[in-house]
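Engineer: Using full-length UniProt numbering, the first residue of the sequence shown is number 1, and each one after it goes up by one.
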Amino acid sequence: MENQVTPKAELKIVRQFKAPQSLVYNAFASREAFAAWWGPAGSTLTVLSFDFREGGRTHYKLDNNGLLMWALFRYQKIHQPDSIEFLSSFTDPEGNISSSPFPIDFPLEVHNRIALSETNGITTLTLHAEPVNATPEQEKTFADLNASMNQGYEGTWGQLDTYLAEVQG
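1) Taking only the alpha-carbon atoms, compute the straight-line gap between N146 and I104 and give it to the nearest angstrom.
2) With DSSP as the reference, please indicate the residues paired to Y75 in a beta bridge.
3) Express the C-alpha separation of I97 and G158 in angstroms, rounding to a whole number.
4) Leaving out five residues before and five after T91 in sequence, what residues of the same chain have Cβ atoms less than 8 Å from its Cβ?
5) Does the beta-carbon distance from A29 to W37 come in below 8 Å?
6) Below 8 Å, how does it come out for the segment 7-22 and the segment 125-135: are there three or more Cβ pairs, yes or no?
7) Give me the DSSP bridge partner(s) of D63.
8) In the structure shown, what three-state DSSP assignment does E54 receive?
9) What number of angstroms, rounded off, separates the C-alpha of L116 from the C-alpha of A129?
10) Return yes when the Cβ of R74 is within less than 8 Å of the Cβ of F50, no when it is not.
11) Taking 8 Å as the threshold (C-beta atoms), are F106 and T156 in contact?
What follows is the structure, given as structure tokens:
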């Protein structure tokens with residue numbers, strides 16, 4: 001796994017999965033699949049709405065041992081099965097963009113680009129994430145939280161590994 005921060009406060013994660021690219025893509029594109037694995041390990045995900053298409057939105061709630069948070073994906077570009085681009089934000093329960101539930105100055109929007117490629121049955125997922133329209137303080141917070149976000153994603157990717165193994169039998 002690779003983790004880098006650029007001067008623009010970009011998070012980059014590269015992860016490989018023992019699954020065909022189409023199956024990894026469908027784990028993001030299907031409501032049932034997404035609900036089975038997305039989120040930090042140990043949390044409970046409730047998908048409130050799911051509209052996986054360019055211009056669509058996915059709104060969900062995470063319960064992490066009693067800490068409730070809501071988030072939203074707004075899909076910008078989808079190229080099946082190669083890439084997904086979306087803006088992610090924390091929200092209130094109704095889906096309105098809001099500040100982070102944590103006592104930090106986190107960006108209101110983060111642009112995410114997921115690229116998928118397959119070689120010999122192994123799919124490489126590359127995630128690039130960077131703040132959008134962020135203040136300098138929010139950019140710094142994003143950069144400072146890089147290691148923490150990487151750790152959170154590692155738990156999420158571990159759940160995706162488990163999901164992919166289960167659906168492949």
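Ideal Cβ positions, reconstructed from N, Cα and C, are used throughout, including at glycine.
Structural biologist: So, to answer that:
1) 14 Å
2) F86
3) 28 Å
4) H59, W70, A71, L72, I97 and S98
5) no
6) yes
7) T44 and L68
8) coil
9) 15 Å
10) no
11) no
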